[in-house]
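The sequence shown begins at 0 in numbering that gives the first Met the number 0 and counts up one residue at a time.
Think of the CB as a built atom: it goes at the ideal place given N, C-alpha and C, for glycine as much as any other residue.
Down below is the structure, laid out as structure tokens.
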Amino acid sequence: MKRRHLIRISSTVLLLWAIAGAQTAQSTVSAYLTLAEAPVATLLPPPPAPGSPEDLADLETVLWVQSRLSEAEFTDAKAHGDRPWDEFIRDVLGPHFNAVNRPETYRVLAGVRADFEAFLAAARQAYPRSRPPNRDERVRLLGTRTDIGSYPSAKVWSFYNLGLLLAELHPECRPRLEAEIRRQGWMRIWGGHHYPSDVSAGLIAGERLARAFLSSPRFQKELPVLRVEAARFRSLSVSSQP
0 MKRRHLIRIS
10 STVLLLWAIA
20 GAQTAQSTVS
30 AYLTLAEAPV
40 ATLLPPPPAP
50 GSPEDLADLE
60 TVLWVQSRLS
70 EAEFTDAKAH
80 GDRPWDEFIR
90 DVLGPHFNAV
100 NRPETYRVLA
110 GVRADFEAFL
120 AAARQAYPRS
130 RPPNRDERVR
140 LLGTRTDIGS
150 YPSAKVWSFY
160 NLGLLLAELH
170 PECRPRLEAE
180 IRRQGWMRIW
190 GGHHYPSDVS
200 AGLIAGERLA
210 RAFLSSPRFQ
220 KELPVLRVEA
230 ARFRSLSVSS
240 QP
């Protein structure tokens, strides 16, 4: 009886150990880039120290910008707040940019976006920062209040990284991609979600992370297929023009 009891305990322990091991393995799996290959400290500088002149100026800038916005601009910022990544890409590359026409591109960028989550989590843990509306009730928030860290802007970081990777396939579109992402960054400030330095950090980290992905041997292996698909996409876009 005692032996059967010990066997059951041992089996339970082994099962829990296996589950824990699987979770650990899953958390360390990456599609193209790991934190060890591109540590967060190399991707972006720390935010201004809480209460420092730079930090207070950041908050005052949010208030100043919001005080000069029209209701139409607030509405525009709200409409753009929850747009998925590929919608802003379509604004630049055209309506034919979708998973049907670009299956390989979507597959690879899904891996990039999954890898990005590990970088974002590490950055938010390393650099905790309270969002503007949580510090000052004068900040007008467009959207849902959250306690998730403010630094850096995840949307700007992610979008800029994706935009620069796509610019490797569509170099002629790089200026427009960059301009659109910067506009998205300003809207994050308009809506009270972020400070200017959050947005600046997102741009810095986005550029550095894109360079790290482009230097990754695993990502480089995907580039020939992506370039072929991009060439076909250009033909599709041109042939559909009136």
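Classified as buried, L168 has 16 or more neighbouring CB atoms from the shown chains inside 10 Å of its CB.
Just so you know, the alpha carbons of S69 and R181 end up roughly 19 Å apart. Of the candidates R233, A209, S214, R226, A209 places its Cα closest to the Cα of L42. Distance between S29 and A113, taken at the CA atoms: about 8 Å. Put simply, the stretch 122-132 touches the stretch 147-157. At least three CB pairs are less than 8 Å apart. In the structure shown, A122 falls within a helical segment according to DSSP collapsed to helix, strand and coil. Cβ atoms of H95 and F232 come within 8 Å of each other, at about 7 Å. Per the Cβ contact rule, the stretch 51-67 is in contact with the stretch 194-214 (3 or more Cβ pairs under 8 Å). Annotated as distal: D90 and E228, with beta-carbon spacing of 8 Å or more. For the pair S215 and D85, the Cα-to-Cα distance works out to about 23 Å.
Shown here, I147 sits in coil according to DSSP, grouped into three states, outside any helix or strand. CA-CA distance, M186 to R128, rounds to 19 Å. DSSP, read as helix, strand or coil, puts N133 in helix. Look at N160 here: in three-state DSSP terms it is helix.
Inter-residue distance for L165 and E72 is about 28 Å (C-alpha atoms, whole angstroms). For A153, the closest of N133, Q183, V138 by C-alpha to C-alpha distance is Q183.
Its chain contains A211, S215 as the residues whose beta carbon lies nearer than 8 Å to that of E36, once the 5 sequence neighbours on both sides are disregarded; these appear in chain order. Runs of the beta strand (DSSP E) spanning 3 or more residues and lying entirely within the stretch 32-68 do not occur at all. In the three-state DSSP reduction, P216 falls in the helix class (H, G or I).
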